[in-house]
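By our numbering, the letter at position 87 of the sequence shown is numbered 947, and the numbering carries on one by one without gaps.
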Amino acid sequence: MTTEQIKTRVRESFEDVDSKEFLELKIKEQLKIHANNFSIWKTKAPQGTIEEWKAFNAETVNLKTTDNSEVLAIGVFLLALDEFNPLKL
């Protein structure tokens with residue numbers, strides 16, 4: 861699976877209204893984690909860019925997993941990564 865396929869699969873799994881709210885909550889929780897991790901990374905790599913950080917994180921994802929709970933976690937991680945913008949913190 862590609863990262864785009866995982867994100868699509870997760871979005872489709874949560875199309876129901878109540879489920880969509882749950883997905884949005886999980887993405888918001890992950891955004892907080894991304895903010896913390898980005899802050900730590902910036903102290904170690906002050907010249908690094910948000911694009912470099914996002915690329916690094918996207919490359920660390922295990923795309924070979926078939927476990928549904930792992931696909932869900934990876935999907936939320938990637939969806940939040942897409943939304944993450946340190947300028948909006």
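Ideal Cβ placement from N, Cα and C applies to all residues, glycine included. A quick note: this is a predicted structure, and the numbers were derived from the prediction, not measured.
Item: So, at 7 Å on beta carbons, what are the nonlocal neighbours of A940 in its own chain, with the 5 sequence-adjacent residues on each side left out?; Value: I887, Q890, L891 and H894
Item: Using the rule of at least 16 other Cβ atoms within 10 Å of the residue's Cβ for burial, across every protein chain shown, is K867 buried or exposed?; Value: buried
Item: What residue does the alpha helix (DSSP H) around D876 start on, and which one ends it?; Value: Note, D876: premise wrong, no alpha helix (DSSP H); not H, not E.
Item: Alpha carbon to alpha carbon, what distance is there between E881 and E864?; Value: 21 Å
Item: Helix, strand or coil for P946? Go by DSSP, reduced to three states.; Value: helix
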